[in-house]
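Below is one structure; the comments refer to it alone.
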Amino acid sequence: MNPMDCENVRQAAMALADGEIAPLNAAEVQAHLSQCSECRRAVQDLRSLNRLVDAQSRRVPTVDLWPRIEGRLAAEAASAKPVSLAGRFAVLMAILLLARALVLAATQPLEWVVRLGVLAFVLGWFILLRENPFTLQPRFIAAKETTP
């Protein structure tokens with residue numbers, strides 16, 4: 662048989678096995694399979710593979726993890742500190758300073774604009790966090806010490 666015919670028959674056999682519409686009908690596929698041992702072997706392998714896949718079952722989890730995850734999410738949300746009005750004001754001021762720096766960029770040397778922008782960003786960040794953002798958090802230090 663022509664290799665293209667064999668390929669068409671194999672695709673049609675897979676489609677028929679999956680219950681899909683095939684380019685060839687079942688009688689044509691069976692007629693070809695009765696004459697071509699390669700295709701018959703390939704289709705038998707595919708059917709064996711389908712039986713193996715169908716025999717597999719999905720594992721059912723023994724423990725429902727969602728209640729624990731939901732509890733931890735709720736605890737983290739409750740412990741998160743809200744951004745205060747002063748923090749929002751600081752961010753707004755930093756944005757305004759950056760906008761002013763962009764306006765000044767047309768008339769001033771670029772190095773002053775960059776310095777002003779970086780200074781505004783860092784000051785806004787410090788005020789927003791109310792702490793030094795470059796220090797290590799105690800929970801990260803403790804977590805590192807307890808790991809083996």
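For the sequence shown, this note's numbering begins at 662 and goes up steadily by one.
For glycine and all other residues, C-beta sits at the position ideal for the given N, C-alpha and C.
Three-state class that DSSP yields for residue i in the structure shown
i	result
Gly785	helix
Val779	helix
Pro722	coil
Cys667	helix
Thr808	The pLDDT assigned to Thr808 is 49, lower than 50, so where the model puts this residue is not dependable; a value taken from the coordinates is nonetheless given after this. Three-state DSSP puts Thr808 in coil, outside helix and strand.
Asp679	coil
Met662	For Met662, the predicted structure reports a pLDDT of 49, less than 50, and the residue's modelled location is therefore unreliable. A value from the coordinates is still provided. Of the three classes helix, strand and coil, the one that applies to Met662 here is coil, per DSSP.
Asn686	coil
Residues of its chain near residue i, where Cβ-Cβ distance is below 7 Å and the 5 sequence neighbours each way are ignored
i	result
Gly680	none
Ala755	Ala781, Phe782, Leu784, Gly785
Cys667	Cys697, Glu699, Cys700
Residue i vs residue j beta-carbon contact at 8 Å
i	j	result
Arg671	Ala703	yes
Ala735	Leu707	no
Met778	Leu757	In the sequence as displayed, the identity of residue 778 is Gly instead of Met. It is not a contact, given that the beta carbons lie outside the stated cut-off.
Ala683	Ala676	yes
Chain-order list of residues whose beta-carbon lies under 8 Å from that of residue i (same chain, five-residue window excluded)
i	result
Ser709	none
Thr808	In this prediction, Thr808 has a pLDDT of 49, which is less than 50 and means its spatial position is unreliable; what the coordinates show is noted afterwards. There are no such residues.
Beta-carbon separation (whole angstroms), residue i vs residue j, contact threshold 8 Å
i	j	result
Leu789	Gly748	5 Å
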